[in-house]
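Residue numbers (this note's numbering): 2 to 721.
We put the beta carbon where it would ideally sit given N, CA and C, even for glycine.
Shown next, in structure tokens, is the structure this report addresses.
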């Protein structure tokens, strides 16, 4: 039987097509449905007629319809058949989804479940109960062997005789119980908080009328799940006590990773909007019954407005429907929580360390943000454990051999000693899995409060190859730096939980960078500048860390070592460096010394002061502005070299850099240099600030053979 000339029987016309897609006018669809008796066209026609019955006519008002079916997006999102309806007048286009209720699909028309319409409905609660049961019993990454210790403060839920709920602040004494946490936007309005003034009252009772709707919804939902305790940041941390905030915010890693379930007010911009609406709103699911012969029902279909999902929306379009996801603090809350339940405007979305799924069925994947994070941690722990075991075994094998051969030739003894010393040195550079780089047991939930780096710069140990966990942290920084913060000074505290969780696998934490990957961590860049990007903020020093940038940063994927990048240029730059006797910082990592002091008791929190002392090949270049592109800057040195500025260099103020200013190129990688500007600091004296980063393109290396560092000299720098 020949395929339909209009819809091709809902098959792609070519196997290489990215997706199924075709378009038609109302007349063409009607003709195909009647003259060709196409089953698929008849189903689409029936659905569009039924959906249009409310306020527009398919035959009279529609100009054209485009039908598509998306293939899976990164193994995460796949829609059923989508019809985009375009009208004769200026009416905005309408999208509808055609699907099959139940468990089986039909070609491009996929099976989809119904939507509960409200989280507190029997169907909505049953959906979450089922997922909690599956997750807690069968998900290895999500399971906990014992009840967690309650945080320092939680909200305790009670119930009066008339069924109304009570809530009070509760300070447990090493009690172990199941609890939930809330992830929410504070919003612009004043919300209920715990302060030094109302602290004693909150221990007795928090009036229900004083609690904002978002908190009330979360408390009500938690009580339906038979959970007695809930942690909400604004009520469980004393907000006007700087020390309490500093200490408790440093425990975010444990608060969220130990929570049985984290509720997320994903579609709520503030405390007054709530997690969900008051009334139950049945979702509009219009049924379509198709019969090939009159009176014989063969298939049942349904049509509805497709729901929005953040997985297939660009970041700028996620803000309005999902305001919580643009908030920087929620980034670690989402990654650290074993289970994260999104309250969206029209449905619930579940994420755990092994699964992502939504009520409408368009998201169904065995991947999630938290899974990627925890799998990376576990694989890194296994790799380090294997290294430690191997080193210990070799050391035991070498010991008797050294004793037995002590009278043999000196050269054999020297060789064995050298090998043993090498193993010991590597062991120092690879911390044990059970503890962090400072010798603290990783199971200890409390960070090293009060930790400061030495006031004098100390040498750090860095690796010459980018490890998987360092690469993963770069991806986290790229995502996190694009999010919004109300207070610029929160940029590290809002990430401190993630940093603490991986600290036992890394070296020292250096203002957003790590000692074991410092050479690679320095290679961040700001790709897209705008007039809204201010000059560097004092709250976000030092200049050499990505925290100094006022927007999203990125790392190069193809720089995995300090020899050759994974591009067509291969080792052209590295070979040229050797020929010219140049010394990139990446070839002299042992020269790096760091001094970082934090303001409070959180070693991964806000920075008080920081500097780097480095030594590498450097050369001067002259700054040039691009006349036709205001955000493009050039360095004049043996030709014009474009570079990525860290901020808008022409912005008026103390950080403005006039054209023709002499800047310094510090070679870090054979293809990459930091762009530095000399300054003077009273206590330090001569110092440098980072203002950008430059990388030679493949064309410059291969075709033009630009020798940008010709005549460079090895120098020492103090970068602030």
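Residue 459 sits close to residue 594, with the two beta carbons spaced by under 7 Å. Residue 390 counts as exposed, since fewer than 16 other beta carbons sit within 10 angstroms of its beta carbon. Rounded to whole angstroms, the Cβ separation of residue 469 and residue 380 is 7 Å, and the two are in contact under 8 Å. Residue pairing of residue 98 in beta bridges, as defined by DSSP: 83 and 305. If you draw a straight line from the Cα of residue 140 to the Cα of residue 89, it comes to about 52 Å. A check of alpha carbon separations from residue 313 across 26, 79 and 211 identifies 79 as the nearest.
Residue 670 is positioned such that its CB atom lies closer than 7 Å to that of residue 563.
Across the structure, residue 618 and residue 637 are spaced so that their CA atoms are roughly 18 Å apart. Per DSSP, the continuous beta strand (DSSP E) segment holding residue 160 begins and ends at 155 to 160.
A direct Cα-to-Cα measurement between residue 703 and residue 652 gives close to 35 Å.
The residue from 656, 676 and 654 with its alpha-carbon nearest to that of residue 663 is 676. Short of 6 Å from the beta carbon of residue 142, and not among the five residues preceding or following it, lie these beta carbons of its own chain, in chain order: 354, 355 and 375.
For the pair residue 325 and residue 276, the Cα-to-Cα distance works out to about 11 Å.
Within the region 299 to 360, the complete alpha helix (DSSP H) runs of at least 4 residues fall at 316 to 319 and 329 to 337.
Selection 699, 289 and 555 evaluated against residue 647 yields 555 as nearest (Cα-Cα). For residue 193, the CB contacts under 8 Å within the same chain, skipping 5 residues up- and downstream, are 207, 211, 212, 213, 216, 235, 236 and 272 in chain order. In this chain, the alpha helix (DSSP H) harbouring residue 132 covers 123 to 139. Secondary-structure assignment with DSSP links residue 514 through a beta bridge to 511. Counting only runs of at least 3 residues, the region 167 to 216 fully encloses the following beta strand (DSSP E) elements, listed from N- to C-terminal order: 180 to 184. The shortest C-alpha to C-alpha distance from residue 514 to any of 477, 242, 336 and 280 is the one to 477.
Secondary structure at residue 147: coil, using DSSP grouped into helix, strand and coil. Runs of the beta strand (DSSP E) spanning 3 or more residues and lying entirely within the region 210 to 267 occur at 230 to 232 and 262 to 265, in chain order.
Annotated three-state conformation of residue 579 is helix, per DSSP.
In this structure, residue 545 sits away from residue 658, with a CB-CB distance that is not shorter than 7 Å. Taken atom to atom, the span from the alpha-carbon of residue 398 to that of residue 610 is near 46 Å. Residue 3 is not a Cβ neighbour of residue 27, given a cutoff of 7 Å. In chain order, 24 and 85 place their CB closer than 6 Å to the CB of residue 67, counting only its own chain and leaving out the 5 sequence neighbours on each side.
Residue range 497 to 503 is occupied by the alpha helix (DSSP H) that includes residue 502, with no beta strand (DSSP E) assigned at that position. In terms of Cβ geometry, residue 81 and residue 111 form a close pair [threshold 7 Å].
In terms of CA proximity to residue 473, 378 leads the group 590, 330, 378 and 543. Here the alpha carbon of residue 102 sits roughly 29 Å from the alpha carbon of residue 64. Short of 6 Å from the beta carbon of residue 258, and not among the five residues preceding or following it, lie these beta carbons of its own chain, in chain order: 337.
Rounded to the nearest angstrom, the Cβ distance from residue 597 to residue 718 is 17 Å, too far for a contact under 8 Å. By the beta-carbon neighbour count (other beta carbons within 10 angstroms, threshold 16), residue 309 is buried. Annotation for residue 196: 239, 240 and 241 place their beta carbon closer than 7 Å to its own, counting only its chain and skipping 5 residues before and after. If you ignore the 5 residues before and after residue 561, its C-beta comes within less than 6 Å of the C-beta of 467, all in its own chain and listed in chain order.
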